[in-house]
Amino acid sequence: MTTRTPLAAMAAGTLLAAASSAWSQAAETPPPAGAPASEWRTVPPENLLVIDTTKGRILVEMIPEIAPGHVERMRLLARAAFFDNLKWHRVIDYFMAQTGDPLGTGDGQSAWPDLKAEFTFRRGPETPFQPTAAPAGALVGFLHALPVQTQPDALMAQTGDGKVHGWGLYCPGVAGMARDDNPDSANSQFFIMRQAYPSLDKRYTVWGVAVAGLDVVRTLNFGTDASGLVAQPDLMTRVRVAADLAEAERPVAQVLDPASPRFRDLVRQAREARGADFSACDVTLPVQVTGGTPSGG
């Protein structure tokens with residue numbers, strides 16, 4: 224079986240050599256002081272994946288609007304306790320951390336069928352998208368906590384379904400699905416970006432974004448050779464959908480709403496700091512997490 228990994232499409236050594244110019248460090252954005260309650264958006268517990276690891280807790284907001292099949296698979300696997308005690312088997316510094324393989328080698332998967340690729344999605348007027356920039360012929364912004372790029376609204380009048388193409392951007396914290404050379408081969412292995420890597424855009428399905436715990440992702444033990452395989456890997460001790468946890472165990476994640484004035488202030492500050500180099504990856508959405516007790520770790 225071909226190893227399921229975002230490295231499958233090109234040599235790992237080539238990616239590592241190119242990494243110094245391909246990633247971007249997300250701008251550190253301080254939480255907005257005194258933001259009123261109306262400017263915070265609570266992540267629905269059905270869309271909040273709680274990943275407890277030996278290094279700490281990661282909270283991923285799943286985005287069913289862009290990858291419904293993959294989000295449903297993540298819910299199914301979490302509810303089956305499939306991910307519990309699996310290794311972060313491939314971790315590459317300044318790139319990504321990969322897990323979800325019951326074999327711990329990169330060659331395993333669940334017993335459920337492979338998934339059809341969801342590299343792009345259709346965005347309509349009802350989609351909760353907030354633009355941050357308008358490069359020629361495109362819009363860049365946020366769908367919930369996820370940075371996305373999409374065709375402009377003006378094209379909606381020219382399409383049969385009144386919608387346009389959009390896709391998730393592989394910024395730090397974005398969660399994608401690993402696959403082999405077949406675009407429709409994603410199954411259970413997934414990865415979370417430690418840094419930005421735009422060459423993955425529209426080539427690997429994005430299904431969510433870490434709204435809390437990016438620091439945990441970046442402290443996972445990483446491999447020391449080109450393969451990225453980890454000699455002493457950290458584990459996911461437990462993975463659950465927040466909605467399935469007892470109230471006392473359930474974390475609540477509130478993210479600054481991209482439709483809020485404070486968010487627009489953050490975008491303005493990032494644009495002023497980055498100038499012509501500004502991208503959606505330079506905007507870090509502040510988050511407030513309350514409740515819940517991590518298991519293990």
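Position one of the sequence shown corresponds to residue 224 (the working numbering), numbered consecutively onward. Think of the CB as a built atom: it goes at the ideal place given N, C-alpha and C, for glycine as much as any other residue.
Three-pair Cβ contact test at 8 Å for the region 300–311 versus the region 326–341
yes
Can you check the region 294–341 for any beta strand (DSSP E) of at least 3 residues that lies completely inside it and give the ranges in chain order?
List check, beta strand (DSSP E) in window: 313–315 and 319–322.
Using alpha carbons as the reference points, say which of GLY279, LEU272 and LEU479 lies closest to ILE286.
The residue labelled residue 286 in the question sits at position 63 within the sequence shown. Minimum Cα distance to ILE286 is reached at LEU272.
For the beta strand (DSSP E) that LEU489 lies in, which residues bound it at each end?
Residue 489 sits at position 266 when you count from the first residue of the sequence shown. Here LEU489 belongs to no beta strand (DSSP E); instead the alpha helix (DSSP H) covers 484–497.
Whole angstroms is fine: what's the gap from ARG485's alpha carbon to GLY431's?
By one-based count along the sequence shown, residue 485 stands at place 262. By one-based count along the sequence shown, residue 431 stands at place 208. Approximately 23 Å, taken between the alpha carbons.
Hey, how far is the Cα of LEU362 from the Cα of THR355?
As a position in the sequence shown, residue 362 is number 139, starting the count at 1. As a position in the sequence shown, residue 355 is number 132, starting the count at 1. Cα-Cα distance, rounded: 8 Å.
Measuring CB atoms only, is the region 421–438 touching the region 392–404, in the sense that at least three cross pairs come out at less than 8 Å?
yes
Beta carbon of ARG227, beta carbon of GLY329: below 8 Å?
To locate residue 227, count along the sequence shown from 1; it is residue 4. To locate residue 329, count along the sequence shown from 1; it is residue 106. Yes, they are a contact pair.
For the region 381–396 against the region 428–446, do three or more pairs of beta-carbon atoms, one drawn from each stretch, fall closer than 8 Å, so that the two count as touching?
yes
Classify LEU437 as helix, strand or coil using the three-state DSSP reduction.
Within the sequence shown, numbered from 1, the residue matching residue 437 stands at position 214. Reduced to three states, the DSSP call for LEU437 is helix.
What would DSSP say about GLU269, mapped onto helix, strand or coil?
One-based indexing of the sequence shown puts residue 269 at position 46. Three-state DSSP puts GLU269 in a helix.
What ranges does the beta strand (DSSP E) occupy inside the region 411–459, keeping only unbroken runs of at least 3 residues that lie completely in it?
Within the region 411–459, complete beta strand (DSSP E) segments of at least 3 residues are found at 413–416 and 429–435, given in chain order.
Does ASP376 come out as helix, strand or coil in the three-state DSSP assignment?
By 1-based counting over the sequence shown, the position of residue 376 is 153. Note: ASP376 maps to helix in three-state DSSP.
Outcome for THR382 when other beta-carbon atoms lying within 10 angstroms are tallied against a minimum of 16:
Within the sequence shown, numbered from 1, the residue matching residue 382 stands at position 159. So THR382 ends up on the exposed side.
Length of the line joining the Cα atoms of ALA503 and TYR317:
What you label residue 503 is simply residue 280 of the sequence shown in a count that begins at 1. What you label residue 317 is simply residue 94 of the sequence shown in a count that begins at 1. Spanning the two alpha carbons is a distance of roughly 18 Å.
From PRO314 to ASN444, what distance separates their C-alpha atoms?
Residue numbering aside, residue 314 sits at position 91 when the sequence shown is read from its first letter. Residue numbering aside, residue 444 sits at position 221 when the sequence shown is read from its first letter. According to the sequence provided, residue 314 is Val. The question's Pro does not apply to it. Rounded to the nearest angstrom, the two C-alpha atoms are 7 Å apart.
Tell me the DSSP secondary structure of PRO291 in three-state form.
Residue 291 sits at position 68 when you count from the first residue of the sequence shown. Correct three-state label for PRO291: helix.
Are the Cβ atoms of PHE352 and TRP390 separated by less than 8 Å?
Taking the sequence shown and counting its residues from 1, the one referred to as residue 352 is at position 129. Taking the sequence shown and counting its residues from 1, the one referred to as residue 390 is at position 167. No, the Cβ-Cβ distance between PHE352 and TRP390 is not below 8 Å.
Which residue or residues does DSSP assign as beta-bridge partners of ARG463?
Taking the sequence shown and counting its residues from 1, the one referred to as residue 463 is at position 240. Partner(s): VAL273.
HIS367: which of GLU284, ALA449 and LEU309 sits nearest, CA to CA?
For this step, residue 367 is matched to residue 144 along the sequence shown. Among GLU284, ALA449 and LEU309, the Cα nearest to that of HIS367 is on GLU284.
Counting only the same chain and skipping the five closest in sequence on each side, list residues whose C-beta sits under 7 Å from that of ASP480.
Reading the sequence shown from its first residue, position 257 is the one you call residue 480. Counting only Cβ-Cβ distances below 7 Å, and skipping sequence neighbours, we find GLU262, TRP263, ARG264 and PHE486.
Cβ neighbours of SER408 in the same chain (closer than 6 Å, five flanking residues each side left out):
By 1-based counting over the sequence shown, the position of residue 408 is 185. For SER408, where only same-chain residues beyond five positions count, the Cβ hits under 6 Å are ASP337 and ARG402.
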